[in-house]
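Asker:
In the UniProt record's numbering, the protein residues as written are 1 to 224.
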């Protein structure tokens, strides 16, 4: 049966308009993105098949191009469309940070950093550069690869902060293992950066470690 033949209250688009997006299941939301199904399968059926094949919504959204495009009902056009949607989401979070300020919206900072770092299969060290009023200047990725105290260069972070006229910054990096617990190396990196940036009166306000399901704040743990 086509979705058009379903009762109006069960059709994903009509349900979203009536109840809001939060009322829809992952499959229903994905069906709206897909728009159409394939032979013998409605868009909702196809969405359920895809969620099962990928092991859930997040693995589907973060799938590599070749893997994504190989699935029936997807392809390059859908991959491009999805990347655009994800980037719009990241930019929306960034614009909210610009308006609301980093320190007044800790949950928003977490969400934004997770959107930038959680999906990466490698370690990446980044900073949210802030002005003297703690408004966001820019987010930048600074170092990539296995991170330890020898691979993160305080002088490079300080140089970039001075170039941007930053008065403070929030550090962030991801753990591809999915475990967000700060390591001894994370603590050492943070202390070295605090000392180096302090020479220029640039404050390190926090350091977030992004894991699979959690984002840990050094400030909240009393580690900074």
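All C-beta atoms, glycine included, are put in the ideal place defined by N, C-alpha and C.
Only counting the same chain, and skipping five residues up and downstream in sequence, which positions put a Cβ closer than 6 angstroms to that of residue 167?
Answerer: Here residue 167 refers to the residue found at position 167 of the chain shown. Excluding positions up to five away in sequence, the list reads 131 and 132.
Asker: Taking DSSP as the reference, what is the three-state secondary structure of residue 19?
Answerer: Counting from one through the chain shown, the residue named residue 19 turns up at place 19. It is helical.
Asker: Measure the alpha-carbon distance for residue 217 versus residue 126 and round it to whole angstroms.
Answerer: Numbered from 1 along the chain shown, position 217 holds the residue referred to as residue 217. Numbered from 1 along the chain shown, position 126 holds the residue referred to as residue 126. Computed Cα separation, rounded: 14 angstroms.
Asker: Three Cβ pairs or more, each shorter than 8 angstroms: is that satisfied between the stretch 182-190 and the stretch 70-90?
Answerer: The stretch 182-190, when compared against the stretch 70-90, does not touch it at the 8 angstroms Cβ threshold.
Asker: In this structure, how does DSSP classify residue 79 when only helix, strand and coil are distinguished?
Answerer: Locating residue 79 in the chain shown gives position 79, counting from the first residue. In the structure shown, residue 79 sits in a helix (DSSP, three-state: H, G or I).
Asker: Using beta-carbon positions only, say whether residue 172 and residue 128 come within less than 8 angstroms of one another.
Answerer: By one-based count along the chain shown, residue 172 stands at place 172. By one-based count along the chain shown, residue 128 stands at place 128. Contact: yes.
Asker: Write down the C-beta distance between residue 44 and residue 53 rounded to the nearest angstrom, noting that I regard them as a contact closer than 8 angstroms.
Answerer: Walking along the chain shown from the start, residue 44 turns up at place 44. Walking along the chain shown from the start, residue 53 turns up at place 53. The Cβ separation is near 15 angstroms, so there is no contact.
Asker: Please report the Cβ distance between residue 48 and residue 27, rounded to the nearest whole angstrom; I am assuming they are in contact, meaning their Cβ atoms lie under 8 angstroms.
Answerer: Translated into the one-based positions of the chain shown, residue 48 becomes position 48. Translated into the one-based positions of the chain shown, residue 27 becomes position 27. Contact holds; Cβ gap of about 5 angstroms.
Asker: Give, in chain order, every unbroken run of the alpha helix (DSSP H) that is at least 4 residues long and sits entirely within the UniProt domain "MPN" (102-224).
Answerer: Within the UniProt domain "MPN" (102-224), the complete alpha helix (DSSP H) runs of at least 4 residues are 106-117, 154-164, 184-198 and 218-221.
Asker: Just mark residue 114 as buried or exposed, buried being the case when its beta carbon has 16 or more other beta carbons within 10 Å.
Answerer: The residue you call residue 114 lines up with position 114 of the chain shown. By the neighbour-count rule (16 or more Cβ atoms within 10 Å), residue 114 is buried.
Asker: What is the DSSP secondary structure of residue 85, counted as helix, strand or coil?
Answerer: Walking along the chain shown from the start, residue 85 turns up at place 85. Correct three-state label for residue 85: helix.
Asker: Can you give the Cα-Cα distance for residue 191 and residue 63, rounded to whole angstroms?
Answerer: Sequence index remark: in the chain shown, residue 191 carries index 191 (1-based). Sequence index remark: in the chain shown, residue 63 carries index 63 (1-based). If I take the Cα positions, the gap works out to 35 angstroms.
Asker: Kindly indicate which residue of 116, 160, 220 and 201 has the alpha-carbon position closest to the one of residue 211.
Answerer: Taking the first residue of the chain shown as 1, we reach residue 211 at position 211. Out of 116, 160, 220 and 201, 116 has the C-alpha closest to the C-alpha of residue 211.
Asker: With DSSP run on the structure shown, which of helix, strand or coil describes residue 11?
Answerer: Stepping through the chain shown from its first residue, residue 11 is reached at position 11. Coil at residue 11, not helix or strand.
Asker: Using DSSP's beta-bridge definition, name the partner residues of residue 41.
Answerer: The count along the chain shown starts at 1 and reaches residue 41 at position 41. 38.
Asker: Identify whether residue 30 lies in helix, strand or coil by the three-state DSSP scheme.
Answerer: What you label residue 30 is simply residue 30 of the chain shown in a count that begins at 1. Looking at residue 30 - three-state DSSP - the assignment turns out to be helix.
Asker: Taking the alpha carbon of residue 276 as the point to measure from, which residue in 208, 71, 199 and 83 has its own alpha carbon closest?
Answerer: As shown, the chain starts at 1 and ends at 224. That puts residue 276 outside it, with no answer to give.
Asker: Quick one: Cα of residue 169 to Cα of residue 141, how far?
Answerer: Numbered from its first residue, the chain shown carries residue 169 at position 169. Numbered from its first residue, the chain shown carries residue 141 at position 141. Each residue's alpha carbon lies about 13 angstroms from the other.
Asker: For residue 163, count neighbouring C-beta atoms within 10 Å of its own C-beta (all shown protein chains included) and say buried if the count is 16 or more, exposed if not.
Answerer: Position 163 of the chain shown, counting from 1, holds the residue named residue 163. Flag for residue 163 reads exposed.
Asker: For residue 92, does the count of other Cβ atoms within 10 angstroms reach 16, so buried, or fall short, so exposed?
Answerer: The residue you call residue 92 lines up with position 92 of the chain shown. Label assigned to residue 92: exposed.
Asker: Taking 6 angstroms as the limit between beta carbons, can you name the residues of its chain near residue 120, skipping five residues before and five after?
Answerer: The residue you call residue 120 lines up with position 120 of the chain shown. Excluding positions up to five away in sequence, the list reads 174.
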